[in-house]
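Inspection log for the structure reproduced underneath, given as structure tokens.
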Amino acid sequence: MLKVDTIYTDWTSDKDFAKSFAKPKYTPKQAISAASGKVKSIFNVNLAGYKVTVKLNEYTFKKDKQPTIVGKINKEGKFYSFSLTP
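Sequential numbering of the sequence shown, starting at 198, is according to the working numbering.
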């Protein structure tokens with residue numbers, strides 16, 4: 198697994214985290230749009246055709262026979278962490 202982190206978490210407590218991510222910040226289409234540039238530059242992976250699932254601040258991008266990408270966002274909706282699993 199490859200992982201890239203940018204230290205930029207902006208929640209103040211577990212309660213703040215849970216409240217901030219109770220509802221997804223992005224639709225699947227918006228998540229792909231927000232993450233695609235960084236994912237392409239870091240891992241050289243095009244997210245076109247990927248399916249997106251969301252759990253709190255973690256967005257998982259999956260596509261058959263392609264690497265899985267996991268991205269984490271802060272409260273502002275900025276991705277600060279990406280990992281790739283072949």
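We treat Cβ as the ideally placed atom computed from N, Cα and C, and that holds for glycine. Values in this document were obtained by computation on a predicted structure and should not be read as measured data.
Out of 283, 230, 262, 216, the CA that lies nearest to the CA of residue 256 is found in 230. Taking every protein chain shown into account, the CB of residue 226 has fewer than 16 other CB atoms within 10 angstroms, so this residue is exposed. Across the structure, residue 270 and residue 261 are spaced so that their CA atoms are roughly 24 Å apart. Boundaries of the alpha helix (DSSP H) around residue 236: 225-240. In the three-state DSSP reduction, residue 280 falls in the strand class (E or B).
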